[in-house]
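Asks: 9 is the number of the first residue of the sequence shown in this note's numbering; add one for each residue after it.
Note that beta-carbon positions come from the ideal geometry of N, C-alpha and C, so glycine has one too.
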Amino acid sequence: MTANPIATADQFAAEAEVRAMWDDPATKAARDHCAQLWRVGHGSDVPPQVEPLFDAAMDAWIGNYLFKAAARDPVRPRFVRNFMPAHSWNGAAVPDARMGGDNPDNCYRLAGIAHGGRYRISGRVVDVCPAHVSFTLVENWGTSMTVQTVELPGIDVAQDGSFTITIDDRPANGRRNHMTTNPRVKFLFVRDSMMDWERETPLALEIERIDATGAQPLSFEERLDEALRRAREDVPLYYWFFRLSAARAVNSMPQPMRTASVGGLVTQASSIGRLRLEDDQAAIIRFDPAGAAYNSLQLAMWWYRSVDAHLLQSGLSAAQAVRDGDGLVTTVVSACDPGVANWVQTDGLRDLLPMIRWQGLPEKQQGRGPIHWLDIVPLDRIAAHLPDGVARMDPQQRQAQLAARRAAWSRRTAI
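1) From 48, 146 and 212, pick the residue whose C-alpha is nearest to that of residue 132; which is it?
2) Please name the residue or residues paired with residue 131 in a DSSP beta bridge.
3) Can you give me the start and stop residues for the alpha helix (DSSP H) that residue 353 sits inside?
4) DSSP state of residue 70, grouped into three classes?
5) Evaluate contact between the stretch 11–29 and the stretch 98–105, counting only Cβ atoms and requiring at least three cross-stretch pairs below 8 angstroms.
6) Check whether the stretch 77–89 touches the stretch 227–235, counting contact only when three or more Cβ pairs, one atom from each stretch, lie closer than 8 angstroms.
7) Counting only runs of 3+ residues fully inside the stretch 50–111, write out the beta strand (DSSP E) ranges in chain order.
8) I need the DSSP call for residue 247, collapsed to helix, strand or coil.
9) Given a cut-off of 7 angstroms, decide if residue 118 and residue 193 are closer than it, judged by their beta-carbon atoms.
10) Three or more C-beta pairs under 8 angstroms: does that hold for the stretch 314–326 against the stretch 372–390?
11) The beta strand (DSSP E) that contains residue 381, what's its start and end?
12) Let's test the definition: count the other Cβ atoms within 10 Å of the Cβ of residue 405 and tell me whether it reaches 16, buried, or not, exposed.
13) Excluding the 5 residues preceding and the 5 following residue 284 in the sequence, name in chain order all residues of the same chain whose CB lies nearer than 7 angstroms to its CB.
14) From residue 161 to residue 301, what does the alpha carbon distance come to, in whole angstroms?
15) Exposed or buried, residue 155, counting other C-beta atoms within 10 Å across all chains shown (16 or more means buried)?
16) Hey, residue 506 and residue 199 are a contact pair by Cβ (cut 8 angstroms); roughly how many whole angstroms apart?
17) Using three-state DSSP, classify residue 421 as helix, strand or coil.
18) DSSP beta-bridge partners for residue 159?
19) With burial defined as no fewer than 16 other Cβ atoms inside 10 Å of the residue's Cβ, what is the status of residue 14: buried or exposed?
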């Protein structure tokens with residue numbers, strides 16, 4: 009098997025820092041304060057079923073900011089993977105860092121950037137390239153304020169799969185694969201969006217600062233202090249993101265909107281909704297991939313964190329799903345197996361926040377463009393509501409499907 013491009017000395021050092029940060033009493037105090045802030049925001053609108061999941065979600069919230077602290081230094085930058093579920097590798101435990109409607113199809117990495125600095129990113133495609141990769145300069149720790157984005161496809165890549173991206177405070181002026189900072193820049197945020205977990209691999213990436221600087225690297229204490237402050241400050245921002253879904257009418261999902269203005273990619277459209285399903289109900293969600301480089305349906309739980317996609321089929325990309333004869337994707341969201349190939353598991357949760365993402369949309373709209381349909385139906389009558397020819401799956405096939413999914417996920421934590 010090809011070496012995992014995430015299994016680097018920088019990544020392991022960053023994870024060791026995160027574990028040390030968790031041991032600091034200030035981290036635990038900030039975590040509890042953030043939990044109080046979230047409680048104030050939610051008030052009495054918390055479904056009783058998700059109450060037991062709150063503490064784990066708050067741990068992941070603060071964990072995400074600790075990983076950002078590990079990535080923050082713009083003097084000695086390094087790429088650090090973030091937004092992962094808790095896992096073990098390299099002989100150590102890595103804490104949960106999922107939050108903000110994270111996408112399980114993504115490998116998320118951040119590196120600290122400073123305005124006035126000059127940086128070079130050296131990249132390489134490893135085996136099969138991700139369906140879509142974005143490099144985004146962001147102004148805030150919440151990664152919602154975009155300075156500039158470049159994308160693959162779109163980046164110039166040599167025949168051997170290598171490429172270079174430069175970053176500084178000057179316009180490109182004809183330079184290819186160049187990004188320009190502004191005075192508020194904080195991070196370079198990379199998303200490798202993988203539709204085929206078995207074959208696609210995150211890019212191999214390195215970053216170096218190439219200008220002479222007399223600045224001192226940010227200390228462990230400085231980075232931790234800022235992370236804990238930002239974790240508190242960003243609760244209102246992410247509560248607003250959460251309300252984009254949770255404030256909608258139950259069992260509704262408006263048609264897609266472009267997402268650059270709300271923290272998404274500039275070439276991305278998304279549709280976010282709210283489901284409340286009883287055990288005897290199912291949601292049939294159909295969508296058109298619309299020629300996007302990347303397209304998927306994923307579920308988030310009430311605390312705006314992904315459902316355990318490394319254990320369950322809590323989402324499907326357009327590559328993982330079996331398409332209908334008309335090219336659309338028909339999924340069934342339910343607690344019990346409906347015998348349909350494109351089953352999306354709820355993990356027994358009634359209140360869910362679904363999101364369909366389209367990334368790398370073509371400039372010229374294909375067909376009807378990004379569009380979807382949602383129907384809530386009785387689970388025992390689902391056959392009457394499905395399009396003709398929808399792929400079926402028996403229990404043995406399901407067992408094999410889920411085993412293959414977990415094996416494909418394990419590539420992310422292989423060394």
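Replies: With the given structure in hand:
1) Working through the sequence shown from its first residue, we reach residue 132 at position 124. Taking only the C-alpha atoms, the option nearest residue 132 is 212.
2) As a first step, residue 131 must be located in the sequence shown, where it is residue number 123. DSSP, once it has assigned bridges, lists 171 and 213 as partnering residue 131.
3) In the sequence shown, residue 353 corresponds to position 345, counting from 1. Here residue 353 belongs to no alpha helix (DSSP H); instead the beta strand (DSSP E) covers 351–353.
4) By one-based count along the sequence shown, residue 70 stands at place 62. In the structure shown, residue 70 sits in a helix (DSSP, three-state: H, G or I).
5) Segments in contact, yes.
6) These segments touch.
7) Segments of the beta strand (DSSP E) lying fully in the stretch 50–111: 88–90, 95–97 and 100–102.
8) Walking along the sequence shown from the start, residue 247 turns up at place 239. Helix at residue 247.
9) Working through the sequence shown from its first residue, we reach residue 193 at position 185. Working through the sequence shown from its first residue, we reach residue 118 at position 110. Annotated as distal: residue 193 and residue 118, with beta-carbon spacing of 7 angstroms or more.
10) When Cβ pairs closer than 8 angstroms are counted between the two stretches, the stretch 314–326 is seen not to touch the stretch 372–390, the count staying below three.
11) Reading the sequence shown from its first residue, position 373 is the one you call residue 381. Bounds of the beta strand (DSSP E) holding residue 381 are 379–386.
12) In the sequence shown, the residue the question calls residue 405 occupies position 397. Classification of residue 405: exposed, given that the 10 Å Cβ count is below 16.
13) On the sequence shown, position 276 is the one that residue 284 refers to. Counting only Cβ-Cβ distances below 7 angstroms, and skipping sequence neighbours, we find 258, 259, 358 and 359.
14) Translated into the one-based positions of the sequence shown, residue 161 becomes position 153. Translated into the one-based positions of the sequence shown, residue 301 becomes position 293. Roughly 8 angstroms separates the two Cα atoms.
15) Along the sequence shown, read from residue 1 onward, the residue named residue 155 stands at position 147. Counting the other CB atoms within 10 Å of its CB gives residue 155 a total of 16 or more, which places it among the buried residues.
16) Past the boundaries of the shown model lies residue 506; the chain is included only from 9 to 423, so the question cannot be answered.
17) Taking the sequence shown and counting its residues from 1, one reaches residue 421 at position 413. Shown here, residue 421 sits in a helix according to DSSP, grouped into three states.
18) Taking the sequence shown and counting its residues from 1, one reaches residue 159 at position 151. Looking at the DSSP assignment, residue 159 forms a beta bridge with 142.
19) In the sequence shown, counting from the first residue as 1, residue 14 sits at position 6. Residue 14 comes out buried.
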